[in-house]
Every structure is written in C-alpha cells, then in structure tokens.
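Trainee: This is the structure I want to talk about, given as structure tokens.
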Amino acid sequence: MPVKYKTPASFSGFSCLGAQCEDTCCQNWEVKIDQQHYELLKNVMSADKDEQNIFEKRIYLNTRPVVSEHDYAFVRMADTGFCSMLDDEGLCYVHAKYGEKLLGNVCTMFPRVISRTADSVELSAALSCPEVVRRCIDDTELLKFNRFKPTELPGGKNYPVLRELSQQDDDFYSGNFVYVRENFMLTMANEEQELETRLYTLVNMANKLSEFYHRGCAKPGQGQIESVMATYAEPEFVTRLGTFIKSYDAGSLLNMIVVHSVLSIKLQQAGAEKISVLYEKIIQYYNDETKSIPEILADKITSIRNSLDSDAQQYVDKAITRYSLNCLYREWFVSMPDPFTYVQMLLLRLSILRTLIYLEAGTEQDMTLDKLKKKIVYIMYNFARNIDQNLEFLKVVYDALSEQTMMNIDFSAVFIRID
Ligand code: SF4
Numbered sequence: 026m027p028v029k030y031k032t033p034a035s036f037s038g039f040s041c042l043g044a045q046c047e048d049t050c051c052q053n054w055e056v057k058i059d060q061q062h063y064e065l066l067k068n069v070m071s072a073d074k075d076e077q078n079i080f081e082k083r084i085y086l087n088t089r090p091v092v093s094e095h096d097y098a099f100v101r102m103a104d105t106g107f108c109s110m111l112d113d114e115g116l117c118y119v120h121a122k123y124g125e126k127l128l129g130n131v132c133t134m135f136p137r138v139i140s141r142t143a144d145s146v147e148l149s150a151a152l153s154c155p156e157v158v159r160r161c162i163d164d165t166e167l168l169k170f171n172r173f174k175p176t177e178l179p180g181g182k183n184y185p186v187l188r189e190l191s192q193q194d195d196d197f198y199s200g201n202f203v204y205v206r207e208n209f210m211l212t213m214a215n216e217e218q219e220l221e222t223r224l225y226t227l228v229n230m231a232n233k234l235s236e237f238y239h240r241g242c243a244k245p246g247q248g249q250i251e252s253v254m255a256t257y258a259e260p261e262f263v264t265r266l267g268t269f270i271k272s273y274d275a276g277s278l279l280n281m282i283v284v285h286s287v288l289s290i291k292l293q294q295a296g297a298e299k300i301s302v303l304y305e306k307i308i309q310y311y312n313d314e315t316k317s318i319p320e321i322l323a324d325k326i327t328s329i330r331n332s333l334d335s336d337a338q339q340y341v342d343k344a345i346t347r348y349s350l351n352c353l354y355r356e357w358f359v360s361m362p363d364p365f366t367y368v369q370m371l372l373l374r375l376s377i378l379r380t381l382i383y384l385e386a387g388t389e390q391d392m393t394l395d396k397l398k399k400k401i402v403y404i405m406y407n408f409a410r411n412i413d414q415n416l417e418f419l420k421v422v423y424d425a426l427s428e429q430t431m432m433n434i435d436f437s438a439v440f441i442r443i444d
C-alpha cells in the first residue's frame, strides 16, 4: 500500500521567518537533543580541548526518570534566556561550524512534528511558533489535508519520526486511533454548533468510549465504537448537550480557582517566563482588595466577553477551535491511558488559554479585531511554549487534578463554562 504524506492545508508551504521572526524559538525553553546527535556532537567537539569545554558547559544529559531518545540531552540556556549555542550575532554556533547534519532533530525540524500511522506519514506543526499560530487561527479550510513531499523537509528523506502507531494486532487502543481521532476532529470542526456545545459533546463522547476503549482494553465489540460515534453525531442529541452546558452556571468561580492555581504554580516556578509575566500583569490590573483573585476573575470574564462585539467573540471561538484541532491532530490521545483523560486535560488547557485571552483583551481600552488577533497570537505561542508543551508541568497539573478527584466527567462542565 503506498504511503500517504499528509499535512494540514494551513501548514502547507510553511517557512521559518528567520530573522524576521518576532520571537525566535532559540530561547526560554528546553532545547532537546536526541541521542544520535548528542553522540555525534560530543564526538566532533571532543577533538579539541576548547570545543570540549564548550560542549561540557553548554550541553547536559536529561536525568529525569522517563527519557526517550528524542530528549536524551538539552542545550543550556544562557542567563539572557537565549540558547547558549547562539553567537554574538544570534546565529547558531553548531550550524555555522559543523552544518545542519550535527543539529539535533528538534532544532532541524522545529516547528514540524512527524508521526507515522499504518498508512500515512503525518506532518503537523507545533503552536509554540508564532507563524504557525497565525496560519492556524486564520485557517478557512478546516480538516483539509494536502500532500507534502518528504524531500522538501529540512533533513530531506531522513526525517525523524516522533511517534509511530503500534503495529501489534492485539493493540485495539492504537488500532482504532485514527478513526476515533477523525471523529473527535469532526465534532470540533462543526462550527454550526457553538464552541461550548462542541467541547461538551467531545468530552462526553470520550467519556463514553473510555468505558470500553482504553490502553490495554479487550477488543471492542463489533460496531461498539461506531455506535458511540453515531450517537454523538445525532443533531438532537447534540442540541440537548448544548442546552445543558449553556444552562450550567455553577462553574466559573470553581474554574477560576483551578486556572488561578495552575498559573500561580507557574508564577512560582518560572516567574520570568512570558506567560507568567503576562498573568502577573493581568492580576495587578484587575486587583481589588475586597475580593480573592478567583472571585475577581470570575466577575470580570463575563463582563469582558459581553463587552466584545460579536465579530470579536466569534474570532476568539474560531481561534480556540483551530488551536484544539491542531492539538487533536498532533498530540495523539493514545499517549494517555484513555481518551477521556486526554480530553479532560485538553479542556483545562483551553480554559486557561481562553481565560488569558479574555482577561488580556479586557485590559485594552480600544479593542479592534486586529489588536485582538495580535494578542491571541502572542498568548497562544507563549502558552504553548511555557505550559502546553511542557510535559513535566502538565504532569504536575494532572496529579493535582487527580488528587482533587477532578479527572471526572462531573467537572468537565466547570472547565468549559468560563463565564
Ligand atoms: S519561532 Fe517559528 S518562525 Fe520564529 S524562528 Fe522559530 S521556526 Fe522560525
């Protein structure tokens, strides 16, 4: 069977903005080095004493308990926050001295992510790049995929595959992944339904599936998965879910308590990161000594959304829709024990993102669609860099939610109703 090479239409023709980029990706996060490139670089740099010193000072091994070949080592960031391998002109020392072949997979490929299913090679894009965010949120062809040529990738045909579906016959979780993901994406892309209705449909569908479809599950009965999909595609059923979520009004304070807790941990752990700086600025702006911060945020978020005109409200919902479609396509829920766990975490992540967007929009006196778009781009790529693609931090959040028994469908509405 010939392999299909697929990429979302919005990502076709992407090229890095290079020096024109407003926020180069060579800063403020962990630059990973895969094992193969770590060994290659170590080898060439140990031929000279000075080079060896540079290598030892600037590159360190990953000592965390779960280490994959893709994050075998890291490049140390300088005190400025930039990658320590950048020279005075902001150019990469490794690239300049040894060429692209010695760059780690992440540096060569970023923001591209390659995954492999049974019949396709999928090229997706990380939202930690501002140019990817712009392309993503302006997408007018949701669910359209184009063919890409592997020879046009930075590393050519020798592209690194980040993840691959299990080919074991008895792995029913992986075996049904592509079909289930397609239905999740269809649900999220149906913009005839309001955003909150779609999110609530998605999490209920994932919850129902997880009863019999999860890691290590027995083979689902004939048509069992299809039957759940058909139920959650019925317009009347979806309308009922929409009516429930729209009438649910007990969530915003609890939601803001959770959002504030997560962002406060981030502030404590990494106060200099851009998302922390933004959140600190937001809480100072809305500060009211008579109330707690979650109470203030819960009060403000409704009035801010209502103060935006309908074009702006729709723009935020469209941007969140496209952000979530990118996540569903790129992240692969089978890395979690079951689809519900993935979707519940996605709901929380989107809730933090929406909260930041609205609260930041509320600090602007004279909001135009153009200003709103710029704010969304800034928040989304920094949110992706600092929180959404920081797996260690998300694990801390997941553990905290589990401890509070919030990894439970009863709390899903809380994360969806932000106002
Ligand atoms: S963030 Fe994106 S556009 Fe900017 S330098 Fe990195 S890959 Fe290029």
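Start counting the sequence shown at 26; every next residue gets the next number (my numbering).
Every residue, glycine too, gets a C-beta built ideally from N, C-alpha and C.
(1) Let me know the alpha helix (DSSP H) ranges lying completely inside the stretch 205-290, each 4 residues or longer, listed in chain order.
(2) Leaving out five residues on either side along the sequence, give the residues of the same chain with a beta carbon under 7 Å from the beta carbon of Thr-256.
(3) So, are the CB atoms of Val-138 and Arg-355 less than 8 Å apart?
(4) Which residues share a DSSP beta bridge with Asp-138?
(5) Quick one: Cα of Val-359 to Cα of Asp-313, how far?
(6) Mind checking who Thr-32 pairs with in its DSSP beta bridge?
(7) At the level of alpha carbons, what is the spacing between Cys-50 and Asp-395?
(8) With a threshold of 8 Å on Cβ separation, who are the neighbours of Tyr-30 within its own chain once the five nearest residues in sequence on each side are excluded?
(9) Please determine whether the Cβ atom of Gly-248 lies at a distance below 7 Å from any heavy atom of the ligand SF4.
(10) Only counting the same chain, and skipping five residues up and downstream in sequence, which positions put a Cβ closer than 6 Å to that of Val-203?
(11) State the start and end residues of the unbroken beta strand (DSSP E) segment that holds Leu-86.
(12) Go ahead and pull the three-state DSSP assignment for Lys-316.
(13) Please tell me whether Asp-59 and Glu-94 are closer than 8 Å, where the distance is taken between their beta carbons.
(14) Any heavy atom of the ligand SF4 closer than 7 Å to the beta-carbon of Asp-342?
(15) Is Glu-156 buried or exposed, if buried means 16 or more other CB atoms sit within 10 Å of its CB?
(16) Of the residues Asp-112, Ser-289 and Glu-216, which one's Cα is nearest the Cα of Thr-165?
(17) Quick check on DSSP: helix, strand or coil for Gln-414?
(18) Does the Cβ of Asp-163 lie closer than 7 Å to at least one heavy atom of the ligand SF4?
(19) For Gln-390, count the other beta carbons within 10 Å of its own beta carbon; 16 or more makes it buried, fewer makes it exposed. Which is it?
(20) Measuring from the CB of Pro-155, is there a heavy atom of the ligand SF4 at a distance below 7 Å?
(21) Just tell me which of Glu-55, Arg-265 and Arg-83 has its CA closest to the CA of Lys-67.
(22) Any heavy atom of the ligand SF4 inside 7 Å of the beta-carbon of Asp-48?
(23) Phe-107 bridges to which residues according to DSSP?
Mentor: The structure says:
(1) If we require 4 residues or more, the alpha helix (DSSP H) runs fully inside the stretch 205-290 come out as 220-235, 249-256 and 260-272.
(2) For the purposes of this step, residue 256 is identified with residue 231 of the sequence shown, where counting begins at 1. The residues are Phe-262.
(3) Counting from one through the sequence shown, the residue named residue 138 turns up at place 113. Counting from one through the sequence shown, the residue named residue 355 turns up at place 330. In this structure, Arg-355 lies closer than 8 Å to Val-138 by Cβ.
(4) One-based indexing of the sequence shown puts residue 138 at position 113. It is Val, not Asp, that sits at residue 138 in the sequence shown. According to DSSP, Val-138 bridges with Ser-149.
(5) By 1-based counting over the sequence shown, the position of residue 359 is 334. By 1-based counting over the sequence shown, the position of residue 313 is 288. Distance between the alpha carbons of Val-359 and Asp-313: 43 Å.
(6) Position 7 of the sequence shown, counted from the start, is the residue given in the question as residue 32. Asn-171, per the DSSP bridge assignment.
(7) Locating residue 50 in the sequence shown gives position 25, counting from the first residue. Locating residue 395 in the sequence shown gives position 370, counting from the first residue. The straight-line gap separating the alpha-carbon atoms of Cys-50 and Asp-395 is approximately 24 Å.
(8) Against the sequence shown, residue 30 aligns to sequence position 5. Only Ser-145, Val-146, Leu-148, Arg-172, Phe-173, Lys-174 and Pro-175 meet the Cβ criterion.
(9) Stepping through the sequence shown from its first residue, residue 248 is reached at position 223. Relative to the ligand SF4, the beta carbon of Gly-248 is positioned no closer than 7 Å to any heavy atom.
(10) The residue you call residue 203 lines up with position 178 of the sequence shown. The residues Thr-142, in chain order, have a CB closer than 6 Å to that of Val-203 in the same chain once the five nearest residues on each side in sequence are set aside.
(11) Numbered from its first residue, the sequence shown carries residue 86 at position 61. Residue range 84-86 is occupied by the beta strand (DSSP E) that includes Leu-86.
(12) Within the sequence shown, the letter at position 291 stands for residue 316. Coil, per DSSP.
(13) Reading the sequence shown from its first residue, position 34 is the one you call residue 59. Reading the sequence shown from its first residue, position 69 is the one you call residue 94. Inclusion of Asp-59 and Glu-94 in the CB contact set at 8 Å is warranted, their separation being smaller than that value.
(14) Taking the first residue of the sequence shown as position 1, residue 342 is located at position 317. Annotation for Asp-342 indicates a beta carbon at 7 Å or more from all heavy atoms of the ligand SF4.
(15) Position 131 of the sequence shown holds residue 156. Classification for Glu-156: buried.
(16) The sequence position of residue 165 within the sequence shown is 140, counting from 1. Ranked by Cα distance from Thr-165, the first of Asp-112, Ser-289 and Glu-216 is Glu-216.
(17) Here residue 414 refers to the residue found at position 389 of the sequence shown. Three-state DSSP puts Gln-414 in coil, outside helix and strand.
(18) Counting from one through the sequence shown, the residue named residue 163 turns up at place 138. Not one heavy atom of the ligand SF4 is found less than 7 Å from the C-beta of Asp-163.
(19) As a working mapping, residue 390 is identified with position 365 in the sequence shown. Answer is exposed; the Cβ neighbour count stays below 16.
(20) By 1-based counting over the sequence shown, the position of residue 155 is 130. Yes; taking the cut-off as 7 Å, the Cβ of Pro-155 has a heavy atom of the ligand SF4 nearer than that.
(21) Here residue 67 refers to the residue found at position 42 when the sequence shown is read from its first residue. Comparing Cα-Cα distances from Lys-67 to each of Glu-55, Arg-265 and Arg-83, the minimum goes to Arg-83.
(22) In the sequence shown, the residue the question calls residue 48 occupies position 23. In this structure, Asp-48 has its beta carbon less than 7 Å from a heavy atom of the ligand SF4.
(23) For this step, residue 107 is matched to residue 82 along the sequence shown. In the DSSP output, where bridge partners are listed per residue, Phe-107 has Gln-52.
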